[in-house]
Amino acid sequence: MVRNRFPENVRSFLFYGPPGTGKTLVVRSCVYETNSILFDLSPINIDRKYSGRKEEEKLVASVMVTAKEYQPSIIYIDECEKVFPAKKKGKKKKGGKKKTDPQNPSRIKKALGKWRTKFIDDKTRITIIGCTSEPEEGSKKEFKKFFDKTIYFPFPDYTTRRLMWKSFIEKYNGQLRSDFPLSTLAHISSGYSSGSIKKTCEKVLTEYRVKIQDYRPLTLQEFIGPLSLCSHTMQ
């Protein structure tokens, strides 16, 4: 279903964009909508594990074999810039991680390429999805070589931010009066991710605040403070 939306033979996707813009959410949605089994090969899951000679080969091989056996399957790699890192200029520093180091996520890169070619074809219902919030830390050459399609997840625009504020406030049982400056809130949240907007609503709309909103309406200032504590990137 995911791959069929694209005319070309797409076996793998790279989702990139700022934190909190919905990359992981889309992965979860793909798993749910396609009734797929998720295999997580993110660095955080394999750190210090499967150490030993050619253990990464066994790991990737077992994942691919199982994914094919129980397809449709989605192989997920978060922080994939660590698996496909950009080469650092200058001499290597002492104490750097070797490719075989169990703490080095890039050790599975070669095995991934090998087993991807061997196991995934037009008839196989296996999709690989990589996510990164720091694409500049990864190798553009390796990304283009491994991933068939790249999809950018931008910060939400004004219209989307306005809808998000309304949706999240209502989700956490907030009541917006007709004179609440929702448009102003959408404007000042430019450069913030959907995750930041959601987090702000969670902080403001506590159980106590929801109880007293009938005689103490929500104000713009209540949202500005918590929002300013979230990460912000100028567009």
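Under UniProt numbering, residues 1 to 235 are what the sequence shown spells out, in order.
Just so you know, even glycine gets a beta-carbon here, dropped at the ideal spot from N, CA and C.
Predicted, not measured: the structure shown is a model, and the values here were computed from it.
**Collapsed DSSP secondary structure at Pro135 in the structure displayed** = Shown here, Pro135 sits in a helix according to DSSP, grouped into three states.
**Message:** Looking at the secondary structure, which residues open and close the alpha helix (DSSP H) in which Thr160 lies?
**Reply:** 158 to 171 is the span of the alpha helix (DSSP H), which, as asked, contains Thr160.
**Asked** Start and end of the beta strand (DSSP E) containing Ser12?
**Response** From DSSP, the beta strand (DSSP E) with Ser12 extends over 12 to 16.
**Prompt:** Among Asp40, Val65, Leu182, which residue has its Cα nearest to the Cα of Tyr158?
**Reply:** If we check each option's Cα against that of Tyr158, Leu182 comes out closest.
**Asked** Using a Cβ-Cβ cut-off of 7 angstroms (strictly less than) and excluding sequence neighbours within five positions of Lys23, which residues of its own chain qualify?
**Response** Result list for Lys23: Phe15, Gly17, Cys131, Phe153, in chain order.
**Residue range of the beta strand (DSSP E) that includes Leu38** = 37 to 40 is the span of the beta strand (DSSP E), which, as asked, contains Leu38.
**Asked** If you run the structure through DSSP and keep just helix, strand and coil, what is Met149?
**Response** The displayed chain sequence assigns Lys, not Met, to residue 149. Here Lys149 carries a strand assignment [DSSP, helix/strand/coil].
**Asked** So, is the C-beta of Gln175 closer than 7 angstroms to a C-beta in chain B?
**Response** Looking for chain B here will not work: only one protein chain is present.
**Request:** State the CB to CB distance for the pair Ile46 and Ile108, rounded to an integer number of angstroms; the pair is presumed to be in contact (CB under 8 angstroms).
**Result:** That pair is a contact at about 7 angstroms.
**Item:** Among Pro85, Ala61, Tyr215, nearest to Lys144 - alpha-carbon criterion
**Value:** Considering only alpha carbons, the answer is Pro85.
**Item:** Host alpha helix (DSSP H) of Tyr32 (start-end)
**Value:** Following the DSSP letters along the chain, one finds Tyr32 inside the alpha helix (DSSP H) bounded by residues 23 to 33.
**Request:** Look at the alpha carbon of Tyr76 and the alpha carbon of Phe223, and state the distance between them as a whole number of angstroms.
**Result:** Cα to Cα, the separation comes out at about 34 angstroms.
**Message:** To test your reading of the DSSP string, which unbroken alpha helix (DSSP H) runs of 4 or more residues are found completely within the stretch 200 to 230?
**Reply:** When DSSP assignments are scanned along the stretch 200 to 230, the uninterrupted stretches of alpha helix (DSSP H) that are 4 or more residues long and fall wholly within it turn out to be 207 to 211, 220 to 228.
**Asked** Is Arg125 near the ligand ATP, in the sense that its beta carbon is under 6 angstroms from a heavy atom of that ligand?
**Response** In terms of ligand content, the structure shown is empty, and the ligand ATP therefore cannot be addressed.
**Item:** DSSP state of Ile120 mapped onto helix, strand, coil
**Value:** In the structure shown, Ile120 falls within a coil segment according to DSSP collapsed to helix, strand and coil.
**Exposure of Ser58, with buried meaning 16 or more beta-carbon neighbours within 10 Å** = Note on identity: in this sequence residue 58 is Lys, with Ser being the wrong assignment. Lys58 comes out exposed.
**Message:** Taking the alpha carbon of Glu79 as the reference point, which residue from Glu55, Lys54, Ser106, Tyr70 has its own alpha carbon closest?
**Reply:** Nearest C-alpha to Glu79: Ser106.
**Item:** Under 7 angstroms between C-beta atoms of Val10 and Phe39
**Value:** By the CB criterion at 7 angstroms, Val10 and Phe39 fall outside the cutoff.
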